[in-house]
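These protein sequence lines are chains R, Z and X, in that order.
Here the first sequence is numbered in the working numbering, starting from 250 and rising by one per residue.
Here the second sequence is numbered in the working numbering, starting from 20 and rising by one per residue.
Here the third sequence is numbered in the working numbering, starting from 73 and rising by one per residue.
Glycine is no exception: its CB is placed at the ideal position from the N, C-alpha and C atoms.
Remember, it's a predicted structure, so these values are computed and weren't measured experimentally.
Report on the structure given below.
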Amino acid sequence: MKALPRTLLLVLLAVLIVAPCLSDNPFYQRIAALTALAAISASAWNLIGGYGGQVSFGHSVYFGTGAYAALLAFDKLGLPPIAGAPLGMLASLVLSMLIGLPSFRLRGHYFSMATIAIAALAEGLVTNWNFAGGAIGLMGPASPRTVADLLFRSALPYYVLFVFVLAVLLALTYLMQRGRMGFYLRALGSGERAAESLGVPIRRYKLYALLLSGAFTSLAGSLYAVMIGFIDPDSGFGILVSVNMVVMSALGGAGTLFGPMLGALILVPLAETTNVVLGGGGTGAAYVAYGIIIMLLARFSPGGLAQWWAPLTGKGPRRAA
Amino acid sequence: MILLQLCVDGLLLGAVYALFSSGLTLIWGMMNVVNFAHGDFVMVAMYVAFFAFTLLKIGPILFVPLTAAALFGLGVLVYYALVRHVMRGPMLAQIISTFGLALFLRYTALWAFSANFVSLPDSLVGGVYDLHGLRLSASHLLAGATALVLTLGLHLLLTRTDLGSRMLAVSEDRVAAALVGIRPDPMQALAWGIGAASTGVAGALIALFFYISPEVGNAFTLLAFVTVCLGGFGSVPGALLAGLAIGVIESLSAYWLGPATKDVAVFGLFVVLLWVRPQGLLGRA
Amino acid sequence: MTITRRSVLSIPALAVLPAAALPTAAAAAETIRIGYIEPLTGNAAAAGQSIKQGIALALDIINTAHPDLAPLPLAAAAGLPKLGGAKVDVVWADNQGSPAVGQSDAVRLITQDHVVALCGAYQSSVTLTASAAAERYGIPFVTGESVAANLTGRGYKYFFRTTPFGPDFAKLYLDFLADVAKTGKATGKIAIVHENTDYGTSVADSIVQTAAARGIKIAQRISYSANGTDVSPQVLELKNSSPDVVIFISYTSDAILYMKTFHTLGYRPPIVIGDDSGFSDPSFVKAVGDIAQGVLNRSAFVPGKPDGLSYKVNALFKQRTGRDLDDTTARSMQGFLVLCDAIDRAGSTKPDAIRAALAATDLPADKLIIGYKGVKFDASGQNTLAYSLIIQLQGDDYVPVWPTGQATARLTLPFKGWA
Numbered sequence: 250m251k252a253l254p255r256t257l258l259l260v261l262l263a264v265l266i267v268a269p270c271l272s273d274n275p276f277y278q279r280i281a282a283l284t285a286l287a288a289i290s291a292s293a294w295n296l297i298g299g300y301g302g303q304v305s306f307g308h309s310v311y312f313g314t315g316a317y318a319a320l321l322a323f324d325k326l327g328l329p330p331i332a333g334a335p336l337g338m339l340a341s342l343v344l345s346m347l348i349g350l351p352s353f354r355l356r357g358h359y360f361s362m363a364t365i366a367i368a369a370l371a372e373g374l375v376t377n378w379n380f381a382g383g384a385i386g387l388m389g390p391a392s393p394r395t396v397a398d399l400l401f402r403s404a405l406p407y408y409v410l411f412v413f414v415l416a417v418l419l420a421l422t423y424l425m426q427r428g429r430m431g432f433y434l435r436a437l438g439s440g441e442r443a444a445e446s447l448g449v450p451i452r453r454y455k456l457y458a459l460l461l462s463g464a465f466t467s468l469a470g471s472l473y474a475v476m477i478g479f480i481d482p483d484s485g486f487g488i489l490v491s492v493n494m495v496v497m498s499a500l501g502g503a504g505t506l507f508g509p510m511l512g513a514l515i516l517v518p519l520a521e522t523t524n525v526v527l528g529g530g531g532t533g534a535a536y537v538a539y540g541i542i543i544m545l546l547a548r549f550s551p552g553g554l555a556q557w558w559a560p561l562t563g564k565g566p567r568r569a570a
Numbered sequence: 020m021i022l023l024q025l026c027v028d029g030l031l032l033g034a035v036y037a038l039f040s041s042g043l044t045l046i047w048g049m050m051n052v053v054n055f056a057h058g059d060f061v062m063v064a065m066y067v068a069f070f071a072f073t074l075l076k077i078g079p080i081l082f083v084p085l086t087a088a089a090l091f092g093l094g095v096l097v098y099y100a101l102v103r104h105v106m107r108g109p110m111l112a113q114i115i116s117t118f119g120l121a122l123f124l125r126y127t128a129l130w131a132f133s134a135n136f137v138s139l140p141d142s143l144v145g146g147v148y149d150l151h152g153l154r155l156s157a158s159h160l161l162a163g164a165t166a167l168v169l170t171l172g173l174h175l176l177l178t179r180t181d182l183g184s185r186m187l188a189v190s191e192d193r194v195a196a197a198l199v200g201i202r203p204d205p206m207q208a209l210a211w212g213i214g215a216a217s218t219g220v221a222g223a224l225i226a227l228f229f230y231i232s233p234e235v236g237n238a239f240t241l242l243a244f245v246t247v248c249l250g251g252f253g254s255v256p257g258a259l260l261a262g263l264a265i266g267v268i269e270s271l272s273a274y275w276l277g278p279a280t281k282d283v284a285v286f287g288l289f290v291v292l293l294w295v296r297p298q299g300l301l302g303r304a
Numbered sequence: 073m074t075i076t077r078r079s080v081l082s083i084p085a086l087a088v089l090p091a092a093a094l095p096t097a098a099a100a101a102e103t104i105r106i107g108y109i110e111p112l113t114g115n116a117a118a119a120g121q122s123i124k125q126g127i128a129l130a131l132d133i134i135n136t137a138h139p140d141l142a143p144l145p146l147a148a149a150a151g152l153p154k155l156g157g158a159k160v161d162v163v164w165a166d167n168q169g170s171p172a173v174g175q176s177d178a179v180r181l182i183t184q185d186h187v188v189a190l191c192g193a194y195q196s197s198v199t200l201t202a203s204a205a206a207e208r209y210g211i212p213f214v215t216g217e218s219v220a221a222n223l224t225g226r227g228y229k230y231f232f233r234t235t236p237f238g239p240d241f242a243k244l245y246l247d248f249l250a251d252v253a254k255t256g257k258a259t260g261k262i263a264i265v266h267e268n269t270d271y272g273t274s275v276a277d278s279i280v281q282t283a284a285a286r287g288i289k290i291a292q293r294i295s296y297s298a299n300g301t302d303v304s305p306q307v308l309e310l311k312n313s314s315p316d317v318v319i320f321i322s323y324t325s326d327a328i329l330y331m332k333t334f335h336t337l338g339y340r341p342p343i344v345i346g347d348d349s350g351f352s353d354p355s356f357v358k359a360v361g362d363i364a365q366g367v368l369n370r371s372a373f374v375p376g377k378p379d380g381l382s383y384k385v386n387a388l389f390k391q392r393t394g395r396d397l398d399d400t401t402a403r404s405m406q407g408f409l410v411l412c413d414a415i416d417r418a419g420s421t422k423p424d425a426i427r428a429a430l431a432a433t434d435l436p437a438d439k440l441i442i443g444y445k446g447v448k449f450d451a452s453g454q455n456t457l458a459y460s461l462i463i464q465l466q467g468d469d470y471v472p473v474w475p476t477g478q479a480t481a482r483l484t485l486p487f488k489g490w491a
């Protein structure tokens, strides 16, 4: 009964994934790559923000750390930028601990505000940190020295790489969702006090979720820096970086496996298209349209778009707190 | 002398933050809805004041109430058209809906008023007082005094009036309030209207000494969040205290540590304070 | 050049065509498209919008006959003569102030709209990423307005910059101050106040380095964040140390706040220099002109004498927009005109031919709309003849006051501020 729509969805997904590889249009390929990249960071955010119900507005800290790690590896050590990715993930694990342990005592909006402030703090510190380029930022290699620099004219190699990372992340999320951790996080997401009274070790599991989330957000940041070849405090640590992750997850369906990806799949092409069609006019019409669409979606589908496909696949959506 | 001037400037600036945040704290505290479009409400208010002055040729005595009235309307409209529907949804839906609203307001302003910076004439209110070398601008003083009055007024409204009790009752428990005969929707619409109206007053007064552009809300939004949070959600006197504290910290740290590090000082202290005292300065635990 | 059906029909291309140009554009395959990336929304939108107006005028000058502007290349006849009178068309893209968006714009303009060259992108950080994409595709990129030092010097083959940059400005200010010192005024104690992103930091660095090379020590350097709400601590710091000269490197919002705060705190430094950007924004003069009297600024654009090119171009601009041409817009227009001239000289729309023509550019001062001593690129793509003047806000207008040979008004010091 439920199998048919589910198969259809999977086929649709497969088509979507393969389509950019068959297209010969470089711009569409680039949109596809940017979409996949946004899907990685949104899905990573979803681990703690969606499943764990801890709405973080400070994930740009991890994103920026990853992005800077990549370009610092190039700038200071002469390594290919991608070699900085593991370092960034390591640094983000440490940061997750430092930020998570004290912040998890805060609830609801207080937690969100603390994360916003931490991100603003990080942006301020990096802006004043001359070793890392200060306010000017860091450049990647101007031209590829070896293939390891991952500097391609076509966006297709990036797309393939990003989809691979996304697949790994979603597989991990799937395993987590089915295991004990998923159970605990769901309990947490539906009510922190209740979960605590049932004996769920909430602090520990929140921290696990944040570690995984921070590491993958950092990886997304490294991949961004590798592809764009430039990072400055605003594009790494700016509040919009975090807001985008939140908006995509919320729109697609926070706390669902594919929700954040769905959000990215809608928002990135939407932003690009509105910019193409309306941006050149220079009246801000692109943003007006974007704002209206977001409001309409929030108004008519507050649980995220994933709630529309839930009846099809027979799985209920999980709401964020 | 410099120290005194710095502190006075900091306090006046802090009063502006408090003024700016009073509407936000009301909406946030009463309804547990974070209004990401708050800075853009202020932007709208500043433009209303600007056009009231340039087109209708009316001065601050008239355009401040006019702006408050206009923003009251905007607040009520936003409540009925948008917030009412997303309020009972997940927190995330509320956040993205006001985020969408922020984009909509900001870029409609860009389309309608262009990206150019405009400003009200500096001499509109008073000028500058010189007290033995201590310089005080009349427009800042006016904004500071209004912040005190407005804060006190909102506080009294919430704690001393029947209307305030009704609004608080709805914010505590919609269903229970409805059971005792308080219709929740008009109460909450009123809260949005009052919150927006005080934002309107803030915007009109800030326009007296600040530039106006579609992006101007950006400069204040984050600080308004920090102010509200530091003061404790929903605590109007808390927001005043927090605003004053932030103003002085900014002023002193900018002078001693350099202006580029003042954000670091403010946000750093805020984070540490939250970790130590999670409910804010005057918030209830 | 081949133009696919899709790109001719694409909406952004049609949206920017003036109605009158439609029939030619649809019929003629030889219309030459140039991509223009600017901040049309976001913090710097005022500048981007102003540049857009300027380029509309530049297009009109190129595409229709303007015999009265004769010495200006491409003005006299309609279109590009060596390409059979081909018309030039600009495809606009909004960079939203984001390096990533600017890069996407570049890729889109190159691959979708098949532009033959790119211009832009105002913010140096965006110019950096957008030109990196252009370099990968082997498409020439000309910036007429971005000034960060790190843009040239990347070893790029397809990147050219017509505008003066940090070291040029540093030299201008120090030469000027040395000249003022000869009149007996103190100029030894210099304070630099700069916004802390790439623009402010790199120009401030240039001034400090150039000064050090001349044995001058900068007394004070204050960096601040441009989107702040209050600048009184900085002004108090200045007031306390009372330097002879204050050089501001600021965007518009902060430039306005500094002038308002000077007024509030009653502080008038003897010499105030504002480095272009914010101080040249037309809305700066409108907003705080009455309390910023006597502020000095740099500009490469001065309308000058009625028979000069700058004057005539300014008159045309004023006719369209009701205001005078500002420095940033004029510099961007000049970059665009240099590019179009190179395309014409190349006689081809092949990127490599255009690149070669750009590299061979050698325009004398009388063929420019702006006050450079000429346009000639070095190996890094930097214009070696770029040049600026010192101007001063007197009344409602900036007037050239230094060097004396090109001045139309007397330099009045000290800084007056308000009445």
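Tell me which residues of the stretch 145-166 of chain X have at least one Cβ-Cβ distance to chain R shorter than 8 Å, keeping chain order. Val163, Trp164, Ala165, Asp166
Classify Gln478 of chain X as buried or exposed, calling it buried when 16 or more other Cβ atoms lie within 10 Å of its own Cβ. Within the third sequence, the letter at position 406 stands for residue 478 of chain X. With fewer than 16 other Cβ atoms within 10 Å, it is exposed.
For Trp474 of chain X, does the three-state DSSP call read helix, strand or coil? Here residue 474 of chain X refers to the residue found at position 402 of the third sequence. Note: Trp474 of chain X maps to strand in three-state DSSP.
Roughly how many angstroms separate the alpha carbons of Cys26 of chain Z and Asn377 of chain R, rounded to a whole number? Translated into the one-based positions of the second sequence, residue 26 of chain Z becomes position 7. Translated into the one-based positions of the first sequence, residue 377 of chain R becomes position 128. Each residue's CA atom was taken as its position, placing Cys26 of chain Z and Asn377 of chain R some 25 Å apart.
Find the nearest neighbour of Asn495 of chain X within the set X:Tyr323, X:Lys390, X:Leu409, judged by alpha-carbon distance. Outside the shown range of chain X, which is 73 to 491, sits residue 495 of chain X, and nothing can be said about it.
Jot down the residue ranges of each uninterrupted alpha helix (DSSP H) in the stretch 379-427 of chain X, minimum 4 residues, whole runs only, in chain order. Listed in chain order, the complete alpha helix (DSSP H) runs (minimum 4 residues) inside the stretch 379-427 of chain X are 381-393, 399-418.
Please name the residue in X:Leu244, X:Leu246, X:Thr201, X:Ala119 whose C-alpha comes closest to that of Thr224 of chain X. As a first step, residue 224 of chain X is located in the third sequence; it is residue number 152 there, counting from the start. The option with the nearest alpha carbon to Thr224 of chain X is X:Thr201.
Give a yes or no on contact between the stretch 338-358 of chain X and the stretch 55-67 of chain Z, applying the rule of three or more CB pairs nearer than 8 Å. no
Considering only their Cβ atoms, is the gap separating Leu460 of chain R from Leu546 of chain R smaller than 8 Å? Working through the first sequence from its first residue, we reach residue 546 of chain R at position 297. Working through the first sequence from its first residue, we reach residue 460 of chain R at position 211. It is not a contact, given that the beta carbons lie outside the stated cut-off.
Could you check what DSSP says for Trp294 of chain Z in three-state terms: helix, strand or coil? Here the question's residue 294 of chain Z lines up with position 275 in the second sequence. Three-state DSSP puts Trp294 of chain Z in a helix.
Should Met110 of chain Z be flagged as near chain R, meaning a C-beta pair shorter than 8 Å? Within the second sequence, residue 110 of chain Z is the residue found at index 91, counting from 1. Chain R, which has a Cβ nearer than 8 Å to the Cβ of Met110 of chain Z, makes this yes.
Should Cys248 of chain Z be labelled buried (16 or more other beta-carbon atoms within 10 Å of its own) or exposed? Sequence index remark: in the second sequence, residue 248 of chain Z carries index 229 (1-based). By the 10 Å Cβ count, Cys248 of chain Z comes out buried.
Take the Cβ of Arg482 of chain X as the centre, count every other Cβ of all protein chains shown within 10 Å, and call the residue buried at 16 or more, exposed below. On the third sequence, residue 482 of chain X is found 410 positions in, with the first residue counted as 1. Exposed.
Within-8 Å CB hit, Pro275 of chain R to chain X: Against the first sequence, residue 275 of chain R aligns to sequence position 26. Judged by the 8 Å Cβ criterion, Pro275 of chain R is in contact with chain X.
Considering only DSSP beta bridges, list what Trp164 of chain X is partnered with. On the third sequence, position 92 is the one that residue 164 of chain X refers to. DSSP output for Trp164 of chain X lists X:Tyr108 as bridge partner(s).
When burial is assigned at 16 or more other CB atoms within 10 Å of the CB, is Leu259 of chain R buried or exposed? Sequence index remark: in the first sequence, residue 259 of chain R carries index 10 (1-based). With fewer than 16 Cβ atoms within 10 Å of its Cβ, Leu259 of chain R is classed as exposed.
Note the first and the last residue of the continuous beta strand (DSSP E) segment covering Ile321 of chain X. Sequence index remark: in the third sequence, residue 321 of chain X carries index 249 (1-based). It spans 317-321 - the beta strand (DSSP E) in which Ile321 of chain X sits, taken as one unbroken run.
Can you tell me whether Ser156 of chain Z is helix, strand or coil according to DSSP? Numbered from 1 along the second sequence, position 137 holds the residue referred to as residue 156 of chain Z. The answer is strand: DSSP assigns Ser156 of chain Z an E or B state.
Can you grab the Cα-Cα spacing for the pair Leu336 of chain R / Ile480 of chain R, in whole Å? Your numbering for residue 336 of chain R matches position 87 in the first sequence. Your numbering for residue 480 of chain R matches position 231 in the first sequence. If you take the alpha carbons of Leu336 of chain R and Ile480 of chain R, they lie about 17 Å apart.
If we ignore side chains and look at the alpha-carbon of each, how far apart do Ala221 of chain Z and Lys325 of chain R end up? Here residue 221 of chain Z corresponds to residue number 202 of the second sequence, with the count starting at 1. Here residue 325 of chain R corresponds to residue number 76 of the first sequence, with the count starting at 1. Answer to the nearest angstrom: the Cα atoms are 48 Å apart.
As assigned by DSSP and simplified to three states, the class of Glu521 of chain R: The count along the first sequence starts at 1 and reaches residue 521 of chain R at position 272. Three-state DSSP puts Glu521 of chain R in a helix.
Pick from R:Ala555, R:Val537, R:Ala287: whose alpha carbon is nearest that of Ala128 of chain Z? Looking up residue 128 of chain Z in the second sequence gives position 109. Residue R:Val537 is the option with its Cα nearest to Ala128 of chain Z.
Neighbour list for Ile328 of chain X in chain Z, Cβ cutoff strictly below 9 Å: Within the third sequence, residue 328 of chain X is the residue found at index 256, counting from 1. Per Cβ cutoff of 9 Å: Phe136, Ser138, Phe229, Tyr230.
Between which two residues does the beta strand (DSSP E) holding Asp140 of chain X run? For the purposes of this step, residue 140 of chain X is taken as the residue at position 68 of the third sequence. It is not in any beta strand (DSSP E) - Asp140 of chain X carries neither H nor E in the DSSP assignment.
Taking just the CA atoms, how far does Ile363 of chain X sit from Ala491 of chain X? The residue you call residue 491 of chain X lines up with position 419 of the third sequence. The residue you call residue 363 of chain X lines up with position 291 of the third sequence. Straight-line Cα distance between these residues: approximately 8 Å.
Would Phe479 of chain R count as contacting chain X if we go by Cβ distances under 8 Å? Within the first sequence, residue 479 of chain R is the residue found at index 230, counting from 1. So yes, Phe479 of chain R belongs to the interface.
Taking all protein chains shown into account, do 16 or more other C-beta atoms lie within 10 angstroms of the C-beta of Arg273 of chain R, making it buried, or fewer, making it exposed? Here residue 273 of chain R refers to the residue found at position 24 when the first sequence is read from its first residue. As written in the sequence, residue 273 of chain R is Asp, which differs from the Arg given in the question. Its Cβ having fewer than 16 others within 10 Å, Asp273 of chain R is exposed.
Along chain R, in chain order, which residues have C-beta atoms closer than 8 Å to that of Ala208 of chain Z? Numbered from its first residue, the second sequence carries residue 208 of chain Z at position 189. Ordered by position in chain R, no residue passes the 8 Å Cβ test against Ala208 of chain Z, which lies about 16 Å from the chain.
Check whether chain Z comes within 8 Å of Ala499 of chain R, counting only Cβ atoms and requiring the distance to be less than that. Translated into the one-based positions of the first sequence, residue 499 of chain R becomes position 250. Interface residue, yes.
Would you decide whether Glu217 of chain X is buried or exposed? Buried here means 16 or more other CB atoms lie within 10 Å of its CB. For the purposes of this step, residue 217 of chain X is taken as residue 145 along the third sequence, with counting starting at 1. Buried.
So, using beta-carbon positions, are Gly333 of chain R and Leu344 of chain R closer together than 8 Å? For the purposes of this step, residue 333 of chain R is taken as residue 84 along the first sequence, with counting starting at 1. For the purposes of this step, residue 344 of chain R is taken as residue 95 along the first sequence, with counting starting at 1. No. Outside cutoff.
Assign Leu190 of chain X to one of three DSSP states: helix, strand, or coil. Within the third sequence, residue 190 of chain X is the residue found at index 118, counting from 1. Residue state, collapsed to three classes: strand.
Is Ile231 of chain Z helix, strand or coil by DSSP? Indexing the second sequence from 1 puts residue 231 of chain Z at position 212. In this structure, Ile231 of chain Z counts as strand in the three-state DSSP scheme.
Once you ignore the five residues that flank Leu456 of chain R on each side, which residues in its own chain have a CB closer than 6 Å to its CB? The residue given as residue 456 of chain R occupies position 207 in the first sequence. Result list for Leu456 of chain R: Gly349, in chain order.
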